[in-house]
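Reviewing the structure listed below.
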Amino acid sequence: MKNDNFDMIIITSTWFESSLYPLVEHKNIHNIKTVCISCRDIYRSIYFDVEGRDNAEKIKYFIKSAYDNWGIKYVLLIGGRRGGLFKPTWWVPVRYSNVVAWYKEPFLCDLYFADIYDTEGNFSSWDSNGNGIFAEWDENGKDILDMYPEVCVGRLPCKNIEELEIIVDKIINYENTAYGSEWFYKYVGIAGDTWPEQNDFYEGEMITEAAFDYLIGFESSYLWTSTGSFKDKQDVIDEVNKGCGFLVFCGHGDPMIWGTYPPHEKEWIDGPLYDQMDEFINGEKLPITLVGGCNNAQFDVSFLNFIKGVLEKGLKYFIKYPGIPQGYYEYDWGSKCWAWSMVTVKDGGCVAIMGNTGLSYSMTGEQCLSKFEGFLIQQFFRSYQEGKDTLGDAYNSQLIYYMDIYPSMINRSDCKVVQEWTLLGDPSLKIGGY
3 MKNDNFDMII
13 ITSTWFESSL
23 YPLVEHKNIH
33 NIKTVCISCR
43 DIYRSIYFDV
53 EGRDNAEKIK
63 YFIKSAYDNW
73 GIKYVLLIGG
83 RRGGLFKPTW
93 WVPVRYSNVV
103 AWYKEPFLCD
113 LYFADIYDTE
123 GNFSSWDSNG
133 NGIFAEWDEN
143 GKDILDMYPE
153 VCVGRLPCKN
163 IEELEIIVDK
173 IINYENTAYG
183 SEWFYKYVGI
193 AGDTWPEQND
203 FYEGEMITEA
213 AFDYLIGFES
223 SYLWTSTGSF
233 KDKQDVIDEV
243 NKGCGFLVFC
253 GHGDPMIWGT
263 YPPHEKEWID
273 GPLYDQMDEF
283 INGEKLPITL
293 VGGCNNAQFD
303 VSFLNFIKGV
313 LEKGLKYFIK
323 YPGIPQGYYE
333 YDWGSKCWAW
343 SMVTVKDGGC
353 VAIMGNTGLS
363 YSMTGEQCLS
373 KFEGFLIQQF
383 FRSYQEGKDT
393 LGDAYNSQLI
403 YYMDIYPSMI
413 NRSDCKVVQE
423 WTLLGDPSLK
433 IGGY
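For reference, each letter of the sequence shown is one residue, going 3 to 436 in the working numbering.
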């Protein structure tokens with residue numbers, strides 16, 4: 003295989019390999035030449051000599067070898083958290099970034115696997131000072147990062163075969179049936195007054211409208227708190243169940259919850275919670291979703307986090323402090339994060355989602371459109387309208403547009419905005435189907 007050419011590699015555990023045969027066959031039928039590789043075979047140097055200090059770096063070096071020798075464009079990582087109480091274990095390794103911007107919170111970052119070469123053509127280790135702390139940027143030092151992706155990376159953070167079979171069926175059905183369908187040409191934006199105490203602007207609503215403005219040939223439907231069309235979760239469920247091609251949430255979140263505010267009010271309006279996603283019954287009318295809000299795509303959640311918190315902190319784990327949520331109130335102890343819960347709905351939900359793995363950043367007032375999350379969301383639709391009709395290509399282009407305007411090594415917040423924006427989906431997915 004060393005001299006073969008492939009468009010996509012799927013990297014997964016041997017536990018999941020047999021369930022991936024239908025997806026590999028489907029991709030090859032559609033001329034996305036695909037091969038499935040197990041982490042075990044990577045570590046055993048079956049294809050290329052293994053390099054790397056830990057398993058995540060070994061996976062990245064393998065991706066580099068596949069890029070250099072096979073000409074790959076897409077990498078699909080299939081495997082989420084496997085267990086582990088005090089230290090998580092993984093079906094497929096992850097990398098945490100240590101960019102500290104306002105809040106010291108290491109966060110999951112799959113962009114690490116996509117950025118293969120630095121600006122000088124060397125392997126992009128994300129540890130330029132060699133101290134073993136990856137993507138480090140705090141008061142003690144700063145790793146010099148390139149961050150421009152050579153390949154398109156997406157992840158399906160499956161914890162079990164049931165989740166995997168659900169999303170494999172979704173990908174295949176979407177690519178086989180979405181093309182030419184009326185429902186695909188509908189855009190739904192769900193938002194409100196993101197910062198009700200700051201000004202007279204309804205930032206989330208502004209962002210969802212600005213994102214839609216890039217699309218040509220689509221119709222829009224807005225669920226906004228300012229118009230009364232978004233009053234509770236049922237409004238969201240009813241609208242999404244009609245089917246749509248693109249779905250954008252813009253507000254606030256945590257690993258379990260997404261919601262926002264009515265104009266100038268402090269009372270929160272929730273969308274569907276992570277454990278209410280089964281109420282989506284939109285069948286095969288599956289959108290590509292973008293969710294603006296903190297931690298919605300934090301896919302390392304587990305009830306084991308609850309047990310760990312109690313064992314380490316006792317009753318202090320349940321103390322609610324002002325400001326940044328801590329302990330129990332980080333809500334990182336659910337069975338799945340909000341974003342992945344929406345992808346793994348069996349009879350609906352979405353086919354792929356982009357969201358933040360950590361604390362996100364957004365501007366208030368008119369500036370919400372020109373920087374941070376609000377600007378980044380718009381760039382996905384700009385990329386799609388400019389012809390990037392494969393999900394990973396549009397996703398990468400989105401990140402590149404942002405970094406071209408806001409270089410990632412100048413401002414820590416800009417660096418984090420790009421790193422934490424994660425694709426939970428198939429990067430080779432044909433937007434709108436074949």
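Positions of the beta carbon are idealized from the N, C-alpha and C atoms, including for glycine. Since the model is a prediction, treat every value here as computed from it, not as a measurement.
Alpha-carbon to alpha-carbon, residue j and residue i
{"i": "Lys390", "j": "Gln400", "result": "10 Å"}
{"i": "Gly134", "j": "Pro108", "result": "14 Å"}
{"i": "Leu87", "j": "His254", "result": "28 Å"}
{"i": "Pro257", "j": "Val26", "result": "31 Å"}
{"i": "Gly143", "j": "Asn131", "result": "9 Å"}
{"i": "Lys418", "j": "Phe136", "result": "13 Å"}
{"i": "His32", "j": "Ile146", "result": "39 Å"}
{"i": "Leu425", "j": "Lys322", "result": "31 Å"}
{"i": "Tyr45", "j": "Tyr76", "result": "20 Å"}
{"i": "Tyr189", "j": "Cys38", "result": "34 Å"}
{"i": "Tyr333", "j": "Trp423", "result": "19 Å"}
{"i": "Tyr150", "j": "Asp117", "result": "6 Å"}
{"i": "Lys268", "j": "Pro324", "result": "16 Å"}
{"i": "Asp237", "j": "Val347", "result": "18 Å"}
{"i": "Lys60", "j": "Asp6", "result": "21 Å"}
{"i": "Ser410", "j": "Asp280", "result": "38 Å"}
{"i": "Leu166", "j": "Asp51", "result": "29 Å"}
{"i": "Leu275", "j": "Asn413", "result": "33 Å"}
{"i": "Asp395", "j": "Trp17", "result": "29 Å"}
Contacting residues, own chain, Cβ-Cβ under 7 Å from residue i (five flanking each side not counted)
{"i": "Asn201", "result": "Thr366, Gly367"}
{"i": "Trp197", "result": "Glu205, Thr366"}
{"i": "Val312", "result": "Tyr319"}
{"i": "Lys172", "result": "Leu288, Val353"}
{"i": "Tyr63", "result": "Glu53, Gly54"}
{"i": "Glu241", "result": "Val190, Ser223, Leu225"}
{"i": "Asp349", "result": "Ile283, Gly285"}
{"i": "Asn307", "result": "Asp334, Trp335"}
{"i": "Gln387", "result": "Tyr216, Leu217, Ile218"}
Within 8 Å, strictly: CB atoms of residue i and residue j
{"i": "Cys160", "j": "Gly273", "result": "no"}
{"i": "Val101", "j": "Trp139", "result": "yes"}
{"i": "Glu19", "j": "Ser40", "result": "yes"}
{"i": "Leu371", "j": "Ile163", "result": "no"}
{"i": "Ala193", "j": "Thr291", "result": "no"}
{"i": "Tyr23", "j": "Glu152", "result": "no"}
{"i": "Phe383", "j": "Ala213", "result": "yes"}
{"i": "Ser357", "j": "Asn298", "result": "Checking the sequence, you will find Gly at residue 357 rather than Ser. For Gly357 and Asn298, yes; Cβs fall inside 8 Å."}
{"i": "Gln381", "j": "Tyr403", "result": "yes"}
{"i": "Trp260", "j": "Val293", "result": "yes"}
{"i": "Glu184", "j": "Tyr436", "result": "no"}
{"i": "Gln421", "j": "Leu78", "result": "no"}
{"i": "Ala341", "j": "Leu393", "result": "no"}
{"i": "Ser430", "j": "Ile174", "result": "no"}
{"i": "Ser15", "j": "Trp93", "result": "yes"}
{"i": "Phe379", "j": "Cys252", "result": "The identity of residue 379 in the sequence shown is Ile, whereas the question assumes Phe. Contact: yes."}
{"i": "Lys315", "j": "Gln278", "result": "no"}
{"i": "Leu376", "j": "Ser364", "result": "Note that residue 376 corresponds to Gly in the displayed sequence, not to Leu. Yes, the pair counts as a contact, with Cβ atoms nearer than the cut-off."}
{"i": "Lys244", "j": "Ile271", "result": "no"}
{"i": "Ser99", "j": "Cys111", "result": "yes"}
Of the residues the options, the one placed nearest residue i, counting alpha carbons only
{"i": "Cys246", "options": "Tyr45, Val52, Gly434, Ile34", "result": "Gly434"}
{"i": "Gly360", "options": "Ser415, Gly311, Arg384", "result": "Ser415"}
{"i": "Tyr319", "options": "Asp406, Lys310, Gly329", "result": "Gly329"}
{"i": "Ile74", "options": "Asn30, Phe8, Asp195, Trp104", "result": "Phe8"}
{"i": "Tyr119", "options": "Asp6, Ile65, Leu288, Tyr363", "result": "Ile65"}
{"i": "Phe203", "options": "Tyr216, Ser228, Tyr49, Phe125", "result": "Ser228"}
{"i": "Ala58", "options": "Glu141, Leu275, Arg97", "result": "Arg97"}
{"i": "Pro90", "options": "Gly123, Ser99, Lys310", "result": "Lys310"}
{"i": "Glu211", "options": "Ile239, Gly230, Leu249", "result": "Leu249"}
{"i": "Asp43", "options": "Ile13, Asn30, Val345", "result": "Ile13"}
{"i": "Cys296", "options": "Gly156, Phe374, Gly85, Ile407", "result": "Phe374"}
{"i": "Glu141", "options": "Val345, Ala103, Asp56", "result": "Ala103"}
Cβ-based neighbour list, residue i, same chain, cut-off 8 Å, excluding 5 preceding and 5 following
{"i": "Tyr187", "result": "Gly219, Phe220, Glu221, Gly247"}
{"i": "Ser231", "result": "Tyr224, Leu225, Asp237"}
Cutoff 6 Å; reference residue i; Cβ partners in own chain excluding five residues on either side
{"i": "Thr121", "result": "Asp148"}
{"i": "Leu158", "result": "Ile80, Ile169"}
{"i": "Gln300", "result": "Pro257, Cys339, Thr359"}
{"i": "Asp195", "result": "Tyr204, Tyr263, Pro265"}
{"i": "Phe1", "result": "Nothing about residue 1 can be reported from this structure: the residues present for the chain run from 3 to 436 only."}
{"i": "Asn398", "result": "Pro151, Cys154"}
{"i": "Met10", "result": "Ile34, Thr36, Tyr76, Ser430"}
{"i": "Tyr406", "result": "The sequence shown places Asp at residue 406, not Tyr. No residues qualify anywhere along the chain."}
Worksheet item: Taking the runs of the alpha helix (DSSP H) that are 4 residues or longer, which of them lie wholly in the stretch 141 to 177?
Response: none
Worksheet item: Residue ranges of each beta strand (DSSP E) run of no fewer than 3 residues wholly in the stretch 319 to 385, ordered along the chain?
Response: 354 to 358
Worksheet item: Which parts of the stretch 65 to 109 are runs of the beta strand (DSSP E), unbroken and 3 residues or longer, counting only runs that do not cross its ends?
Response: 76 to 80, 83 to 85, 98 to 101
Practice prompt. Could you name each continuous beta strand (DSSP E) segment of 3 residues or more that falls completely within the stretch 186 to 258, going from the start of the chain to the end?
Written response: 188 to 193, 221 to 226, 248 to 252
Worksheet item: Curious, which full-length beta strand (DSSP E) runs of at least 3 residues does the stretch 252 to 298 contain?
Response: 260 to 262, 290 to 294
Worksheet item: Where are the beta strand (DSSP E) runs, 3 residues long or more, that stay fully inside the stretch 19 to 55, in chain order?
Response: 36 to 40
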